[in-house]
Amino acid sequence: MTKIINAIKLNNSRQRRMTRKINFKKFKKRLDIKSMTSYNE
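Here it is in structure tokens:
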């Protein structure tokens, strides 16, 4: 029983880390676009 709970917890933390990475990539891309547009002006 505890093994299953631990596996779920581990999986959740791993997924959370992945989404954070993806969100960071998206955020960085948005930042790059912003800095480029401000540089062009």
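Heads up: the sequence shown runs through residues 4 to 44, numbered per our numbering. By construction, the Cβ of each residue, glycine as well, lies at the ideal position given by its N, Cα and C atoms. Note that this is a predicted model, so its numbers are computed, not measured.
Taking the straight line between their C-alpha atoms, what separation do you get for residue i and residue j?
i     : j     : result
Met21 : Ser41 : 30 Å
Arg33 : Lys12 : 31 Å
Ala10 : Gln18 : 12 Å
Lys37 : Ile7  : 45 Å
Phe30 : Lys24 : 10 Å
What is the DSSP secondary structure of residue i, reduced to helix, strand or coil?
i    : result
Met4 : coil
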